[in-house]
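Have a look at the structure below, then the notes.
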Amino acid sequence: MSRSTPTRLYLLAYNAAQLAGWAWALGRTLGALGGWAPAAASAPAHRALWGAASQTTGAAYAAAAPAVRACQAGALLETVHVVLGKEWMEERERGRGNT
Amino acid sequence: MMGARAHHHSPSPTSLSSLSPGLVPGSPALAFLQWFGRSNVLFLILGSIPELRAHWAVAPLFVAWAAADVARYAWYAAALARPSSPPPAWLTWLRYSAFIPLYPAGIFAGEMPLIAAGLPLIEARGLHSLALPNRLNWGFSYAAFCRLGLYVLLPTAFIVLYRYLLSQRVKRLGCGGRRGGSGRREA
Numbered sequence: 001m002s003r004s005t006p007t008r009l010y011l012l013a014y015n016a017a018q019l020a021g022w023a024w025a026l027g028r029t030l031g032a033l034g035g036w037a038p039a040a041a042s043a044p045a046h047r048a049l050w051g052a053a054s055q056t057t058g059a060a061y062a063a064a065a066p067a068v069r070a071c072q073a074g075a076l077l078e079t080v081h082v083v084l085g086k087e088w089m090e091e092r093e094r095g096r097g098n099t
Numbered sequence: 001m002m003g004a005r006a007h008h009h010s011p012s013p014t015s016l017s018s019l020s021p022g023l024v025p026g027s028p029a030l031a032f033l034q035w036f037g038r039s040n041v042l043f044l045i046l047g048s049i050p051e052l053r054a055h056w057a058v059a060p061l062f063v064a065w066a067a068a069d070v071a072r073y074a075w076y077a078a079a080l081a082r083p084s085s086p087p088p089a090w091l092t093w094l095r096y097s098a099f100i101p102l103y104p105a106g107i108f109a110g111e112m113p114l115i116a117a118g119l120p121l122i123e124a125r126g127l128h129s130l131a132l133p134n135r136l137n138w139g140f141s142y143a144a145f146c147r148l149g150l151y152v153l154l155p156t157a158f159i160v161l162y163r164y165l166l167s168q169r170v171k172r173l174g175c176g177g178r179r180g181g182s183g184r185r186e187a
């Protein structure tokens, strides 16, 4: 499907934003797991429930979750893209039928 | 819950969540279901059970989701940035190969252990459920929904989508996946 420039620029911006968000989340997660990123201490209840490893994973969640949540919430737009794409395709098919 | 994203109609690594852009052809219902799969684990389970946030499975979950999507979105961004030429062969290879370890890791070391660990808490707290009797005379057990997802939907979706992804990989990279990609654009 060929895309007009505004559509292409929008999709490029969307994909670049998602790429940046997920790359940030990956870096934060690995950083927390490797101990080279500022760690957020997990609550005593977490440690009691899940043991010693919980401090690291709790830190990984605290470090990366905001970015992961933002990216995943933004990914709902992809459903909208498909809805719009479907309409666009139908319109194009109708246009072809008329000619 | 559920794996493998689809973008321009091809599901990609981790999580049956989200068809991506293109203002693309595809099924909106499938796109929403794919998005809901991941969102269920992230927002409904991890979001409402703070104790689970320190579970060991959070790390593989985040690493698998993030690494898979970095490869996927980088490929789309590269394709959109230079429409006249295909994305670099190494990026095409990465996009169609990263899912091989990442998709099972996200499902079996991330989503499934988290759902399993959350089930007793979901049940005990009646999270996201509607108990009878009520004015609507309609009940909903989120714990039963999660159990269905854990034992039926997730494994089934994994088998179907993993096979699909492997077939897409062969189609794009050639036999054995050793070729650097045909460079053919999807949309």
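Chains A and B, in that order, give the protein sequences. Under my numbering, the first sequence has 64 at position 64, and the numbering climbs by one with no breaks. Under my numbering, the second sequence has 102 at position 102, and the numbering climbs by one with no breaks. Just so you know, even glycine gets a beta-carbon here, dropped at the ideal spot from N, CA and C.
One or two residues paired with residue i in a DSSP bridge
i        : result
Phe32/B  : According to DSSP, which records beta bridges pairwise, Phe32/B is partnered with nothing at all.
Leu130/B : Phe140/B
Cβ distance (whole Å) where residue i is taken to contact residue j below 8 Å
i        : j        : result
Pro50/B  : Gly110/B : Contact flag wrong, Cβ pair sits at about 18 Å.
Phe43/B  : Ala64/A  : Not really, about 15 Å apart at Cβ, beyond 8 Å.
Ala106/A : Ala67/A  : Because chain A in this structure spans residues 1 to 99, residue 106/A falls outside the shown range and cannot be described.
Ala60/A  : Ala32/A  : 4 Å
Val82/A  : Ala31/B  : 4 Å
Trp56/B  : Thr57/A  : 5 Å
Ala117/B : Leu46/B  : Not confirmed; about 11 Å, so no contact.
Trp35/B  : Thr7/A   : That belief does not hold up - the Cβ atoms of Trp35/B and Thr7/A are roughly 21 Å apart, past 8 Å.
Leu154/B : Ile107/B : 6 Å
Leu12/A  : Ala81/B  : 6 Å
Ala66/B  : Thr29/A  : 6 Å
Leu114/B : Val41/B  : 6 Å
Ala105/B : Ala71/B  : Actually they do not touch by this definition, with Cβ atoms about 14 Å apart.
Leu76/A  : Tyr14/A  : The Cβ separation is near 12 Å, so there is no contact.
8 Å Cβ cutoff, residue i in contact with chain C
i       : result
Ala64/A : In the structure shown, chain C cannot be found, because the protein chains are A and B.
Original post:
Are three or more beta carbon pairs between the segment 93-101 of chain B and the segment 132-149 of chain B nearer than 8 Å?
Top reply: no
Subject >> Proximal residues, the segment 49-62 of chain B versus chain A, C-beta separation under 7 Å >> reply: Glu51, Arg53, Ala54, His55, Trp56, Val58, Ala59, Phe62
**OP:** Count the CB pairs spanning the segment 126-135 of chain B and the segment 84-96 of chain B that are closer than 8 Å, and state whether there are at least three.
**Re:** no
**OP:** Taking a Cβ distance cut-off of 9 Å, strictly less, list which residues of the segment 68-80 of chain A are near chain B, in chain order.
**Re:** Val68, Arg69, Cys71, Gln72, Ala73, Ala75, Leu76, Leu77, Glu78, Thr79, Val80
Subject >> Any 3 or more C-beta pairs closer than 8 Å across the segment 62-76 of chain B and the segment 2-19 of chain A >> reply: yes
Original post:
Taking Cβ-Cβ distances below 7 Å as the criterion, which residues of the segment 28-42 of chain B are in contact with chain A?
Top reply: Pro28, Ala31, Phe32, Trp35, Arg38, Ser39, Leu42
Original post:
Quick one, which residues of the segment 63-94 of chain B are near chain A if we go by CB-CB under 8 Å, in chain order?
Top reply: Val63, Trp65, Ala66, Ala67, Asp69, Val70, Tyr73, Ala74, Tyr76, Ala77, Leu80, Ala81, Pro83
**OP:** Within the segment 69-97 of chain B, note down every full alpha helix (DSSP H) run reaching 4 residues or more, in order along the chain.
**Re:** 89-95
Subject >> Complete runs of the alpha helix (DSSP H) confined to the segment 46-70 of chain B [at least 4 residues] >> reply: none
**OP:** Compile a chain-ordered list of the residues in the segment 16-34 of chain A whose CB is closer than 9 Å to at least one CB of chain B.
**Re:** Ala16, Ala17, Gln18, Leu19, Ala20, Gly21, Trp22, Ala23, Trp24, Ala25, Leu26, Gly27, Arg28, Thr29, Leu30, Ala32, Leu33
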